[in-house]
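Order-wise, the sequence lines are chains G and L.
Quick note, the first sequence lines up with residues 97 to 164 if you use this note's numbering.
Quick note, the second sequence lines up with residues 5 to 194 if you use this note's numbering.
For each residue, glycine too, the CB sits at the ideal point set by N, CA and C.
The structure presented is a predicted model; accordingly, all values stated were derived computationally and were not measured.
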Amino acid sequence: MAKTPQKQQIVTIDGTEYNVADLTDNAKAQLTNLRVTDQQVERLNQQLAIAQTARAAYAGALKADLPE
Amino acid sequence: MPKLPKSVVLDGRRYPTWALSAQARAHLVSIHEVEAHISALKTQLDYQHRVRGLFQAQLNQALTAPALKNAEPRYFWHTVPAAWFKAHWPVDAPSLPLDVLGADGLYQAQDRLVLYAKGCGVIGWGVVREATSGQVLEWRCRAHVASAVVPAKTVKHFAMRHPTRLSQRIPTEANIDGLLNALASNVALA
């Protein structure tokens with residue numbers, strides 16, 4: 097039984113859709129760079145959220161230990 | 005333990021460090037360390053945002069490059085069952101909706117489709133176009149009689165093989181022009 101051919105591969109960057117098959121090799125490379133950068137930003141934001149939560153916890157603990 | 009300042013201001017009150025408990029001083033150290041970590045993360049985030057801006061600008065440039073606008077058209081084999089061919093051929097209309105061929109959504113506008121009927125051969129070719137009712141195949145050449153069909157055994161003379169799946173991209177190194185010219189000659193002679 098013949099395989100169903102793949103439909104067009106569409107990627108969305110900043111709200112704009114791109115058909116990957118239409119892109120030059122340079123454009124595809126820049127798309128990959130953007131994806132990698134977005135992953136880095138997401139990772140850093142997660143770490144920032146964790147650090148800010150930790151800071152709030154330490155500040156709360158310090159406040160509880162302050163002398164009257 | 006890192007050196008602490010002589011005093012700290014917390015909630016608007018100044019506390020001499022020596023007056024804090026050991027546990028409070030430990031919390032203070034932790035806060036300083038976390039704040040340094042937060043500052044480093046923000047610096048990295050600023051850098052990644054700048055880099056992202058550069059990549060976006062390069063992508064925009066690549067998308068507007070002349071090479072993209074003048075891209076070579078894509079050629080595909082599209083296979084139709086022998087039963088469909090016998091039931092619907094020849095077609096008189098200048099275009100055919102792609103959903104009739106089971107090709108809805110498989111192709112883009114300007115794609116070239118070379119229609120191959122199983123058990124028969126190359127029966128025609130056309131260009132995909134967007135219409136208000138959906139995608140259609142605008143005929144460029146089609147065989148109206150059986151004698152005009154290019155049989156499978158002839159296809160190999162043009163550096164390609166007949167298709168074995170519903171849709172197959174025709175390699176750029178294939179002699180597509182030769183095949184299409186052969187079809188046009190058959191149609192003219194028929």
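Cross-strand partners of residue i (DSSP beta bridge)
i                      : result
residue 129 of chain L : L:118, L:145
residue 80 of chain L  : L:117, L:173
residue 108 of chain G : G:113
residue 135 of chain L : L:138
residue 18 of chain L  : L:13
residue 154 of chain L : L:126
residue 99 of chain L  : L:142
Residue-level contact to chain G via CB, residue i, 8 Å cutoff
i                      : result
residue 48 of chain L  : yes
residue 102 of chain L : no
residue 42 of chain L  : yes
residue 156 of chain L : no
residue 73 of chain L  : For residue 73 of chain L, the pLDDT reaches just 46, beneath the cut-off of 50, and the residue's location in the model is therefore unreliable, although a value from the coordinates is still provided. No, because no Cβ of chain G sits closer than 8 Å to the Cβ of residue 73 of chain L.
residue 25 of chain L  : yes
residue 133 of chain L : no
residue 139 of chain L : no
residue 59 of chain L  : yes
residue 192 of chain L : no
residue 8 of chain L   : no
residue 56 of chain L  : yes
residue 105 of chain L : no
residue 187 of chain L : no
residue 119 of chain L : no
residue 14 of chain L  : yes
Cβ distance (whole Å) where residue i is taken to contact residue j below 8 Å
i                      : j                      : result
residue 120 of chain G : residue 66 of chain L  : 6 Å
residue 130 of chain G : residue 48 of chain L  : In fact, because the Cβ distance is near 17 Å, the residues do not count as touching under 8 Å.
residue 158 of chain G : residue 23 of chain L  : Not really, about 13 Å apart at Cβ, beyond 8 Å.
residue 141 of chain L : residue 100 of chain L : 5 Å
residue 117 of chain L : residue 108 of chain L : Actually they do not touch by this definition, with Cβ atoms about 13 Å apart.
residue 163 of chain L : residue 177 of chain L : 7 Å
residue 147 of chain G : residue 41 of chain L  : 5 Å
residue 62 of chain L  : residue 126 of chain G : 5 Å
residue 14 of chain L  : residue 162 of chain G : 6 Å
residue 175 of chain L : residue 115 of chain L : 15 Å between Cβ atoms; not a contact.
Own chain, CB closer than 6 Å to residue i, minus 5 neighbours either side, in chain order
i                      : result
residue 171 of chain L : 80, 82, 110
residue 153 of chain L : 124, 125, 127, 147
residue 134 of chain L : 113
Cβ-based neighbour list, residue i, same chain, cut-off 8 Å, excluding 5 preceding and 5 following
i                      : result
residue 165 of chain L : 159
residue 94 of chain L  : 146, 147, 148, 149
Residue-chain proximity (residue i, chain L), Cβ-Cβ < 8 Å
i                      : result
residue 101 of chain G : For residue 101 of chain G, the predicted model reports a pLDDT of 43, less than 50, meaning its position is unreliable and no value from the coordinates is stated.
residue 108 of chain G : no
residue 105 of chain G : no
residue 137 of chain G : yes
residue 97 of chain G  : Confidence in residue 97 of chain G is poor, its pLDDT being 39 and thus under 50, which makes the residue's placement unreliable; the coordinate value appears in the next sentence. For residue 97 of chain G, the answer is no, since every Cβ of chain L falls outside 8 Å of its Cβ.
Proximal residues to residue i (C-beta, below 7 Å), its chain only, five neighbours per side dropped
i                      : result
residue 196 of chain L : Residue 196 of chain L is absent from the structure shown; chain L starts at 5 and stops at 194.
residue 124 of chain G : 116
residue 149 of chain L : 194
residue 144 of chain L : 129, 130, 131
Neighbouring residues, chain G, relative to residue i (Cβ below 9 Å)
i                      : result
residue 39 of chain L  : 147, 151
residue 18 of chain L  : Near residue 18 of chain L there are no residues of chain G at all, since even the closest Cβ is about 11 Å away, more than 9 Å.
residue 113 of chain L : The contacting residues do not exist; residue 113 of chain L stays about 11 Å from chain G at best.
Partner residues on chain G for residue i, Cβ-Cβ distance less than 7 Å
i                     : result
residue 35 of chain L : 151, 154, 155, 158
residue 31 of chain L : 154, 157, 158, 161
residue 66 of chain L : 120, 122, 123, 126
residue 28 of chain L : 158, 161, 162
residue 63 of chain L : 123, 126, 127, 130
residue 45 of chain L : 140, 143, 144, 147
Residue i: CB within 7 Å of a non-hydrogen atom of the ligand HEM
i                     : result
residue 90 of chain L : Ligands displayed in this structure: none; no statement on the ligand HEM is therefore possible.
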